[in-house]
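Numbering (full-length UniProt numbering), first residue to last: 1 to 541. Only one structure is covered here, and it is reproduced in the block below.
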Amino acid sequence: MRPTRATLTVAVAALALFALLALGGGGAVAQDNTTQQTAVPQAGGEPDIDVHAPNPTLTPGETNEVALQISNDGELDYGSPQLREAVTTARNVRVEADADGTPLTVESGETAIGAVTESRPGEVPLAVSVPADVEEGTYTIDVEVSYSHTYRTGSTVVERSPTETVSVDLEVDSDARFEVVNVTTDARIGDSGTLEVELENVGADAARDANVILESSSAGLGFGDGARDSARIGAIESGETATVRYDVGFAPDAPVREYALDASVAFRTPDGLQRLDETPTLGVTPADRQEFSLGDVESDLYVGEEGDIRGTVTNDGPVTARNVVVRYADQSPNVIPIETAVAVGTLDAGESAEFRLPVEISGEAEAVDRTADVAVQYRNAEDERRIYEDVELLFGVEPQRDQFALDVQQRQVAAGESLALDVEVTNNLDEPVSDVEARLFADSPLESDDDEAFAQRLEPGESTTMTFTLTAESAATAKTYPVSFDFRYDDADGNSQLSDTTRVPIDVTDGESGLPWALLGVGALVVIAVAGGATYYARAR
Numbered sequence: 001m002r003p004t005r006a007t008l009t010v011a012v013a014a015l016a017l018f019a020l021l022a023l024g025g026g027g028a029v030a031q032d033n034t035t036q037q038t039a040v041p042q043a044g045g046e047p048d049i050d051v052h053a054p055n056p057t058l059t060p061g062e063t064n065e066v067a068l069q070i071s072n073d074g075e076l077d078y079g080s081p082q083l084r085e086a087v088t089t090a091r092n093v094r095v096e097a098d099a100d101g102t103p104l105t106v107e108s109g110e111t112a113i114g115a116v117t118e119s120r121p122g123e124v125p126l127a128v129s130v131p132a133d134v135e136e137g138t139y140t141i142d143v144e145v146s147y148s149h150t151y152r153t154g155s156t157v158v159e160r161s162p163t164e165t166v167s168v169d170l171e172v173d174s175d176a177r178f179e180v181v182n183v184t185t186d187a188r189i190g191d192s193g194t195l196e197v198e199l200e201n202v203g204a205d206a207a208r209d210a211n212v213i214l215e216s217s218s219a220g221l222g223f224g225d226g227a228r229d230s231a232r233i234g235a236i237e238s239g240e241t242a243t244v245r246y247d248v249g250f251a252p253d254a255p256v257r258e259y260a261l262d263a264s265v266a267f268r269t270p271d272g273l274q275r276l277d278e279t280p281t282l283g284v285t286p287a288d289r290q291e292f293s294l295g296d297v298e299s300d301l302y303v304g305e306e307g308d309i310r311g312t313v314t315n316d317g318p319v320t321a322r323n324v325v326v327r328y329a330d331q332s333p334n335v336i337p338i339e340t341a342v343a344v345g346t347l348d349a350g351e352s353a354e355f356r357l358p359v360e361i362s363g364e365a366e367a368v369d370r371t372a373d374v375a376v377q378y379r380n381a382e383d384e385r386r387i388y389e390d391v392e393l394l395f396g397v398e399p400q401r402d403q404f405a406l407d408v409q410q411r412q413v414a415a416g417e418s419l420a421l422d423v424e425v426t427n428n429l430d431e432p433v434s435d436v437e438a439r440l441f442a443d444s445p446l447e448s449d450d451d452e453a454f455a456q457r458l459e460p461g462e463s464t465t466m467t468f469t470l471t472a473e474s475a476a477t478a479k480t481y482p483v484s485f486d487f488r489y490d491d492a493d494g495n496s497q498l499s500d501t502t503r504v505p506i507d508v509t510d511g512e513s514g515l516p517w518a519l520l521g522v523g524a525l526v527v528i529a530v531a532g533g534a535t536y537y538a539r540a541r
């Protein structure tokens, strides 16, 4: 009997099982002698690269920058989700584009952007030149993306390095486009002014309801209280220009340099579509800071007196300053300004003018060199008040002095006698004085019944002689005694002033400086007595 196909199959299976049992030495024994191994995790997959142009609009007549986004929608063919990123990441991504067959020219070369994952796309800036006479429409460029990736993981790792070509559409638009033709400003450092921007519509179409926005990214340049401002120009046809104006200001500590401004023009097309042109770029340079300097500073200041600080103020430019005022801005208890501000008028750039600041030095002040803050106030071309504060005064204060110098030649008086005291009085001040009333003060044993004198006017340094009567008591001891003088007068401003007291030494002597009459009298009496005695003796004999 010939065996059937089923019989043969069963026989072969039985023989195979017998052989397996024989080689294993029995199921239970084989299981006890086998070391268990952990299986290596495996996964397979690949990146799925695509290229996008979020803003594909190109402007004719210039080189446009187009941002290309490289996205990755990877595929996991099999394996654990934890291994998804290992097989879907595109590494060492290189991007290169060409515009063959189009009027466009790609200026950028190959660009490497590193790894692109499903959660982290890449971006490539692409420079595309567009001829000025190109027709509007859609143009396709080819973007070549090369990268490496792991195709399979596990006991055997498979690496691949594919290159893919993706087509990207770019749009050449003939909408209105704007270029900055000219930028001017009269604003300077530490001041405000007007910024004028002249724009030209270089596009093929008109713009409606155009609004020009400028924004500063520097703290040194601002628009009023903010960093941006907008100005409306309405409609502007192709080829036309328009000028927009902004109020700007530069910080006092801002350097003189060009400040970049971000510009954008929002407008509507003739079809009513809203557009935004962010291509205009501009920079503005402020004028130099308006500055002033002080020179030729002199002072005639003494402790306890009023005096003046004199000098010259110079407009260092760069422009004319109107209604210039020198203002004393320091705060000191010992230097008191009589007038805090003095006007010197309008100064052209480079012009100087003299000023005088009257101040009073207190009696408690020290006789030292001093500095004081000064501000120069002025008005600019727009009649706006401005202040320049980077100036100071350096002046000296002299020690306290007598307002009047006294010179007394005859300082001696005999006890019991009187003296016509001639006093030469000199105006020691730097200003004329008038209605000078002098008074003498004496204490016992000196006295005066003629203790006042008067001078109508004394110029600075001028002298006059005043005469007083001084009497010494007869019982006065011969020695030096003081007498004092003070002066009440009117200063150059007509204010009544009282001088400090000046003391002068007076020498009292014993009687007159001629013959000693008292001794002579005693001697005469002695002679008479002797003579009388002699006569009596002679007669007695």
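Just so you know, even glycine gets a beta-carbon here, dropped at the ideal spot from N, CA and C.
Beta-carbon proximity check, residue i vs residue j, cutoff 9 angstroms
i    : j    : result
Y147 : V158 : no
I336 : E366 : no
L68  : V124 : yes
P54  : N72  : no
R84  : E118 : yes
L419 : T477 : no
E96  : V143 : yes
L294 : V313 : yes
A442 : V391 : no
D486 : T502 : yes
R208 : F267 : yes
For residue i, the first and last residue of its enclosing beta strand (DSSP E)
i           : result
T346        : A341 to L347
E447        : L446 to D450
Q274        : Q274 to D277
Q497        : S496 to L498
E360        : S352 to I361
D296        : E291 to S299
F178        : F178 to T185
L126        : G122 to V130
F404        : F404 to V408
residue 543 : This structure does not reach residue 543, given that the chain is present from 1 up to 541, and the question cannot be answered.
E473        : E473 -> no beta strand (DSSP E), and no H or E assigned at all.
N211        : A207 to S216
Q400        : Looking at the DSSP string, Q400 is not in any beta strand (DSSP E), and its letter there is neither H nor E.
V157        : Looking at the DSSP string, V157 is not in any beta strand (DSSP E), and its letter there is neither H nor E.
As assigned by DSSP and simplified to three states, the class of residue i
i    : result
R84  : helix
T163 : strand
S238 : coil
V368 : coil
L104 : coil
G74  : coil
R439 : strand
R94  : strand
A30  : Note that A30 has pLDDT 32, beneath the 50 cutoff, so the model's placement of it is unreliable and the number below is only indicative. If DSSP states are grouped into helix, strand and coil, A30 belongs with the helices.
Y536 : At Y536 the pLDDT is 46, less than 50, meaning the model places this residue with poor confidence; the figure from the coordinates comes in the next sentence. Helix at Y536.
E389 : strand
A381 : coil
I141 : strand
D191 : coil
G222 : strand
V425 : strand
E135 : coil
N55  : coil
Nearest-angstrom Cβ-Cβ length linking residue i and residue j, presumed shorter than 8 angstroms
i    : j    : result
V93  : V116 : 5 angstroms
E351 : N323 : Their Cβ separation, rounded to whole angstroms, is 14 angstroms, which puts E351 and N323 out of contact at 8 angstroms.
E198 : N182 : 4 angstroms
A231 : V244 : 4 angstroms
I113 : I70  : 7 angstroms
S496 : D490 : 6 angstroms
D50  : V166 : 6 angstroms
Residue i at chain B interface by Cβ criterion, 9 angstroms
i    : result
L195 : In the structure shown, chain B does not exist; there is a single protein chain.
Meets three-Cβ-pair contact criterion under 8 angstroms: the region 174-188 and the region 273-291: The region 174-188 vs the region 273-291: in contact.
Meets three-Cβ-pair contact criterion under 8 angstroms: the region 275-295 and the region 397-405: With the rule of 3 Cβ pairs closer than 8 angstroms, the region 275-295 does not count as touching the region 397-405.
Given 8 angstroms, three or more beta-carbon pairs between the region 179-198 and the region 284-298: Taking 8 angstroms as the limit for Cβ pairs, the verdict is that the region 284-298 does touch the region 179-198.
Segment contact, 8 angstroms Cβ cut-off, at least three pairs: the region 325-340 with the region 426-437: These segments do not touch.
Three-pair Cβ contact test at 8 angstroms for the region 198-213 versus the region 293-302: Fewer than three pairs of CB atoms, one per stretch, sit closer than 8 angstroms, so the region 198-213 makes no contact with the region 293-302.
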